[in-house]
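Heads up: the sequence lines are chains B and L, in that order.
Oh and the first sequence: position 120 is 1069 in my numbering, straight run, nothing missing.
Oh and the second sequence: position 199 is 417 in my numbering, straight run, nothing missing.
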Amino acid sequence: MADMRGKIQQLYALEQLAAGDTPIHRLHPGAKLLVTFVYLVTVVSFDRFQLGRLLPYLIYPVLLMSLSGAPWGLVMRRVALALPFVVLAGLSNLLFDRAPVLVMGSLTVTAGVLSCASVLVRTFLTVLALTLLMAVTPLLELTMALRRIHIPEQLITLLEMTYRYIGALLEEAFSMSTAYHLRHRQTKGLELRHMGSFVGNLLLRSFDRAGRIYSAMKCRGYGRPYRQPTPRPWRWTDVVFTILACGLCLLFRFVDVGLVVGRVIGGLAVC
Amino acid sequence: MFVTPVMMHMADALLSPGVGLSMILVSLFALGYSVYRIRKDHTLTEQKIPVMAVMAAFVFAAQMINFTIPGTGSSGHLCGGMILAAVLGQYPAVLSLSAVLLIQCLFFADGGLLAIGCNVFNMGLCAILVAYPLIYKPIMKRGFSNARAFVASILACEVGLQLGAFCVVLQTLLSGITALPFGAFVALMQPIHLAIGLVEGVITALVVIFIHNTRPELLDTALENKSPTVSAKRVVVILAAAVVVIGGGLSLLASSNPDGLEWSIAGVTGDTELEAQYPAAEAAGSVVNSTAVLPDYAFASDAENPLGTTVSGLVGSAFCVVLAGGAAWVISLTKKKSKAH
């Protein structure tokens, strides 16, 4: 039950954040989507041992987070959610990749340690970027951007409607679950033998609700041709943001910025 | 303990761009084909979209309901793909499940944006476009009975999940992120999903029987609908196209990451002669020594190797991060001051 309540809260928390009004929120949704995609592709394009090359990529989400005012707590919870399978993959590297790569006195760092850390950093960066995208862009703006790149209308409408109904059906499931637990000693979950009637009832309620929703939509003109709202044009700030952010991602991909800075620091230390 | 299909949700961090983008193309093709089929068969009436959306939201809500597995003390939850197909038919079900997966990825960090193609393929296409038309539907078309519902649901869920789990193994290994050997990975994933498939199949059957007893017309619509009918030949053609696209993506990957593969083999065999195999390690060490930051470190990598993560690189990267953190702190401070004014 706590899971269900938590999911409802998560859904609304991101929606509230996305409705903010900061320079980042005001950027074109297409620009933010493009930058996030380039960011993800460049981050995952590194080999699993290139931990040092990944670290500069923290710059983008950290700056975006502070400029947009997205809370750290929420973002970290999402990173934690994404970890289970990734941790398994990371730990397997620890076990199977035992070749030594770095010796510091008596301490030997194996390739597995390096790749495990790299997998965790990759997870952190990718989840961070995606969460930030949704924290600064309302879904409806994002779907508008998808329409412009000619993703089939049926898919987009389906996505928008599903997003809208999830909250309602989660509430429905939450009410049913509360009623079940109040009548039943079982506290952890439903008994397997009750799942058929429970989920079946939820499905029938959902179906009936779909009928009512359709009638309500028809009353409000659904199905008649209507003019899509004019998409907002790109401004020079959007172009600058896209060029800067994508340029930074590509720079970090093709130039080992960390190494260059490290050498400079090293040179200064020698002097 | 939770028995959940969390291991089916691929994350961006476990994928290479080649595999991720190839799978996005394959899934987009399958989604486009699904839209084309339901348009062509005139089943995508304006009423169908709200029903598909509500059913997608139903699957999402149903996944939140935990149940206890008798005798184990563990709990699990439903995936729902097969129920969607049983009620909506396969092509609308593919679209609905894809919407669920996209929302899970965007709002709940289940899976990733680059991994969305893999997740749609593993959890949606394997179950709904392969197991449903080839196993569930032929059995159920012979007439409804409780026994048939159980056999069809369990077999279809098992096959769908086994295929999906195997695809997860292939996609992860081909991305070159994990050092887990193929055999060990398969031995880990397949039995877990065999158990999950059994439970999923039992619940699917229970739900299907309940719906049949209360509103049989819902199930009949999907079974009698012409649109879900697909020949095995067509499924094979779709999968063949998928393999071609994936193969193309992977060939790019194979050419870009040979060193990573060598290193993973070295890690598995436990070969300790790596330093001797990489004479340029000394050169890399001398570069680092020349920077005189941490001269006591010894390296087993060369500059061109993916393992050439030098201390200089790490120090420099950390410096960049500190710089970004500092900038963020200054921004926050400025914001607070401007708010105070």
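All residues carry an ideal CB built from backbone N, CA and C; glycine is no exception.
Asked, Found
"Let me check one thing: in DSSP terms, what residues is P1049 (chain B) bridge-paired to?", "B:T1059"
"At 3 residues or longer, what runs of the beta strand (DSSP E) sit wholly inside the region 1006-1034 of chain B?", "none"
"By DSSP, does R1169 (chain B) sit in helix, in strand, or in coil?", "coil"
"Compute the beta-carbon to beta-carbon distance between P1010 (chain B) and L1074 (chain B), rounded to the nearest angstrom, for a pair I have assumed lies under 8 Å.", "7 Å"
"Does V993 (chain B) have its Cβ less than 8 Å from a Cβ in chain L?", "yes"
"To the nearest angstrom, report how far apart E435 (chain L) and I1105 (chain B) are at their CA atoms.", "28 Å"
"At which residues does the alpha helix (DSSP H) containing P268 (chain L) begin and terminate?", "266-280"
"Could you tell me which chain B residues have their CB closer than 9 Å to the CB of F362 (chain L), listed as they occur along the chain?", "Near F362 (chain L) there are no residues of chain B at all, since even the closest Cβ is about 15 Å away, more than 9 Å."
"Listing by chain order, which chain L residues have their CB less than 8 Å from the CB of I1162 (chain B)?", "P268, V272"
"Give the DSSP-derived three-state secondary structure of A518 (chain L) in the structure shown.", "Any reading at A518 (chain L) must be qualified, since the residue scores a pLDDT of 38, below 50, and its modelled position is unreliable; no value is offered."
"Starting from the Cα of S1067 (chain B), find the closest Cα among B:H1143, B:M1053, B:S1041, B:S1015 and give me that residue.", "B:S1041"
"Just how far apart, CA to CA, sit G979 (chain B) and L1089 (chain B)?", "12 Å"
"Shortest alpha-carbon distance to A413 (chain L) belongs to which of L:R255, L:S234, L:L379, L:L331?", "L:L379"
"Going along the chain, which residues of the region 387-405 of chain L sit with their C-beta nearer than 9 Å to a C-beta in chain B?", "T390, S393, G394, I395, T396, A397, L398, P399, A402, F403"
"For D1205 (chain B), does the three-state DSSP call read helix, strand or coil?", "coil"
"Can you tell me the Cα-Cα spacing of M1083 (chain B) and L1193 (chain B), whole angstroms?", "20 Å"
"Using a beta-carbon distance cut-off of less than 8 Å, what residues from the region 297-318 of chain L approach chain B?", "I301, V305, L313, S314, S316, A317, V318"
"Just tell me which of B:L1200, B:A1060, B:F1156 has its CA closest to the CA of L1043 (chain B).", "B:A1060"
"When the Cα atoms are used, what is the spatial distance from G238 (chain L) to Y350 (chain L)?", "25 Å"
"Check the C-beta distance from L1108 (chain B) over to L320 (chain L) and give it rounded, since I have them as a contact under 8 Å.", "6 Å"
"Give a yes or no on whether the minimum CB-CB distance between Q959 (chain B) and chain L is below 8 Å.", "yes"
"Could you please give the first and the last residue of the uninterrupted alpha helix (DSSP H) stretch that includes G378 (chain L)?", "364-393"
"Let me know the secondary structure DSSP gives D489 (chain L) once reduced to three states.", "Because the pLDDT of D489 (chain L) is 42, which lies under 50, any placement of that residue in the model is unreliable, and the number read from its coordinates should be weighed accordingly. If DSSP states are grouped into helix, strand and coil, D489 (chain L) belongs with coil."
"Run through chain B and tell me which residues come within less than 8 Å of S234 (chain L), C-beta to C-beta.", "V993, S994"
"So, do the region 1087-1102 of chain B and the region 264-283 of chain L have three or more beta carbon pairs nearer to each other than 8 Å?", "no"
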